[in-house]
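By this note's numbering, the letter at position 41 of the sequence shown is numbered 191, and the numbering carries on one by one without gaps. The C-beta atom is built at its ideal place from N, Cα and C for all residues, glycine as well. These notes are about the structure you will find just below.
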Amino acid sequence: MSKSPNILVPALGGTALVLGVAYGLSSREHGDTEIELLQDRVEQVLVQADDARAQAATEVATANALKAEIEDVRATAALQVASGGSLTQPAPRLVESLGLGREAHQEEIAAWDVDVLPDGRGLPPGKGDVYTGEEVFATYCAACHGDFAEGVDNWPVLAGGFDTLADKDPVKTVGSYWPYLSTVWDYVHRSMPFGGAQTLTDDEVYAIVAYILYSNDLVDDDFELSHENFMDVEMHNADGFVVEGRDTEEYPIWRDEPCMSDCKDSVDITMRASVLDVTPETEEEGEDDAALELPQETPSTTTVQEAPVIKTAAVATPDPELAAAGKKVFRKCQSCHAVGEGAKHKTGPVLNNVLGSQIASVDGFKYSNALTEAGAAGGTWDAETLAAFLENPKKYLKGTKMAFAGLKRKEDQEAVAAYLATFLGNPG
151 MSKSPNILVP ALGGTALVLG VAYGLSSREH GDTEIELLQD RVEQVLVQAD
201 DARAQAATEV ATANALKAEI EDVRATAALQ VASGGSLTQP APRLVESLGL
251 GREAHQEEIA AWDVDVLPDG RGLPPGKGDV YTGEEVFATY CAACHGDFAE
301 GVDNWPVLAG GFDTLADKDP VKTVGSYWPY LSTVWDYVHR SMPFGGAQTL
351 TDDEVYAIVA YILYSNDLVD DDFELSHENF MDVEMHNADG FVVEGRDTEE
401 YPIWRDEPCM SDCKDSVDIT MRASVLDVTP ETEEEGEDDA ALELPQETPS
451 TTTVQEAPVI KTAAVATPDP ELAAAGKKVF RKCQSCHAVG EGAKHKTGPV
501 LNNVLGSQIA SVDGFKYSNA LTEAGAAGGT WDAETLAAFL ENPKKYLKGT
551 KMAFAGLKRK EDQEAVAAYL ATFLGNPG
């Protein structure tokens, strides 16, 4: 006996109801979760907005504080100027410590305390003579400053210039300008040689300074510089400086209204640094520039000239003692000149038989145009012309290539002339 299928209808209806209720509950829970997430995001945005407003308020407050501080500084500066004070006075010390770092050990302070003061404080024990200084100077310094401290190319000149300080373009050297010997010692010890600072021993520094003094005719060739006699050396320009008074003498002048009349119509550029050659160059750069600046040569007709008649002058017999003194002074010259049997040309010509001879007459040496023209005009090397040339070569003969700063003392000039007179009759 079969049953009617209607009996399944209530069962299926109940199942559908249960499933519908379950789906509804599930959808409701999902919606609640989404709402909670959205609420969290809104809260985060609100917090970030509050933080941004707080940061903006802080920055505004900081800016206002800085503005107020600037106004205080300006007011203080104006008050100080009005009362005749100086704006360059050191800042006051802090009353309270910042709590940073630690006290430096005495060994640490001593390692940095290397300066030498004008009164001799800071000088280490040591000594060095002129002769040793000449050798050390030739090894470490001459490449830039020349064998005679005359300066190579545009590197600093260390000797001479005594009669130029009043000129438009003065030559400020250790001899002509520097007022304190301590500055020389301190700078050589601290910063030289170039590329090898602080590699010199204290004795080498003393020797170099002694040679620089000798090159400026401030000491004799047998002089030895030490920490004991350091303060006895008198510099040529020791009294040539005055105490600066810009704050009281110059500053009040420039507080007035600036001049706005009688101005120049135009500004003319008279020279450019690249042409003026104010920067020392390497040898390779110099060769390249020279190649670019060579003028175009024009063809010329070679003419045969008769050999010039070489004039000579009588020379008195030299005093042996004076000649012996001249031998010592001649050490300044022997880097470029040679004398005696077998002598050969160096940077300068052999000086055998030079005294009493015509200027620029030594065979086999190419003289500068200035010396060649002086010789062609009939000039001779007598006691007078030689002394004038030795005193200041470039001043006596414009255009000479001789870089020697000169012998300022008359006795040195006479001694060298007497020494050269002993080589009359030597070949060369």
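Below 8 Å on the Cβ atoms is my guess for residue i versus residue j; work out the distance and round it to an integer in Å.
i	j	result
glutamate 300	phenylalanine 554	6 Å
leucine 505	leucine 570	5 Å
methionine 385	glycine 270	So it is not a contact: roughly 13 Å between Cβ atoms.
glutamate 394	lysine 277	Glutamate 394 to lysine 277, Cβ: 35 Å. No contact.
valine 280	glycine 272	The pair is not a contact, with the Cβ atoms about 23 Å apart (cut-off 8 Å).
threonine 550	serine 518	5 Å
leucine 501	phenylalanine 391	About 40 Å; that fails the 8 Å criterion.
serine 332	proline 268	5 Å
isoleucine 362	valine 324	5 Å
serine 511	glycine 525	6 Å
glycine 556	glycine 296	Between glycine 296 and glycine 556 the Cβ distance is about 13 Å, and since that is not below 8 Å, they are no contact.
tyrosine 579	leucine 315	One cannot answer for residue 579 here, as it falls past the ends of the chain, which runs 151 to 578.
Would residue i be called buried (16 or more neighbouring beta carbons within 10 Å of its own) or exposed?
i	result
glutamate 354	buried
isoleucine 509	buried
proline 468	buried
threonine 398	exposed
asparagine 366	buried
lysine 482	buried
valine 459	Reliability of the predicted coordinates at valine 459 is poor, the pLDDT of 47 falling under 50, and the value obtained from them is presented with this limitation in mind. Exposed, since its Cβ has fewer than 16 Cβ neighbours within 10 Å.
leucine 196	exposed
alanine 146	Because the chain spans 151 through 578 in this model, residue 146 falls outside it and cannot be assessed.
phenylalanine 344	exposed
threonine 453	Below a pLDDT of 50, predicted positions are generally treated as unreliable, and threonine 453, at 48, falls in that range; no measurement from the model is reported.
serine 152	A caution first: serine 152 carries a pLDDT of 49, below 50, which makes its placement in the model unreliable, though a value can still be read off. Serine 152 should be labelled exposed.
methionine 342	buried
threonine 349	exposed
serine 411	exposed
phenylalanine 287	buried
serine 416	exposed
valine 192	exposed
alanine 475	buried
phenylalanine 515	exposed
aspartate 222	exposed
alanine 202	exposed
methionine 421	exposed
glycine 283	buried
valine 245	exposed
leucine 216	exposed
valine 334	buried
leucine 368	buried
Grouping DSSP H, G and I as helix and E and B as strand, with all else coil, what is residue i?
i	result
lysine 277	strand
glutamine 563	helix
serine 332	helix
threonine 289	helix
threonine 282	helix
tyrosine 569	helix
aspartate 367	coil
isoleucine 586	Because the chain spans 151 through 578 in this model, residue 586 falls outside it and cannot be assessed.
methionine 342	coil
lysine 461	Per-residue confidence for lysine 461 stands at a pLDDT of 49, beneath the threshold of 50, marking its modelled position as unreliable; no derived number is given.
phenylalanine 480	helix
leucine 244	coil
tyrosine 517	coil
methionine 381	helix
cysteine 486	coil
alanine 493	coil
cysteine 409	coil
arginine 224	helix
threonine 398	helix
glutamate 435	Annotation note: pLDDT 49 at glutamate 435 (below 50); position unreliable, coordinate value reported separately. Correct three-state label for glutamate 435: helix.
glutamine 189	helix
leucine 196	helix
aspartate 353	helix
leucine 315	coil
threonine 451	At threonine 451 the pLDDT is 48, less than 50, meaning the model places this residue with poor confidence; the figure from the coordinates comes in the next sentence. The answer is coil: DSSP assigns threonine 451 none of H, G, I, E or B.
tyrosine 327	coil
threonine 212	helix
phenylalanine 539	helix
leucine 574	coil
tryptophan 404	helix
Quickly, what does DSSP pair residue i with across the bridge? List them, please.
i	result
serine 376	Lys277
threonine 530	Gln508
field: Touch test, the segment 279–296 against the segment 533–540, Cβ-Cβ under 8 Å, three pairs minimum
entry: The count of Cβ pairs closer than 8 Å, one atom from the segment 279–296 and one from the segment 533–540, stays below three, leaving the stretches out of contact.
task: Examine the Cβ distances between the segment 356–370 and the segment 314–322 and report whether three or more of them are shorter than 8 Å.
output: At 8 Å Cβ cutoff, the stretches do not touch.
query: Between the segment 549–563 and the segment 475–494, do at least 3 Cβ pairs fall closer than 8 Å?
result: Counting Cβ pairs under 8 Å, three or more are found: they touch.
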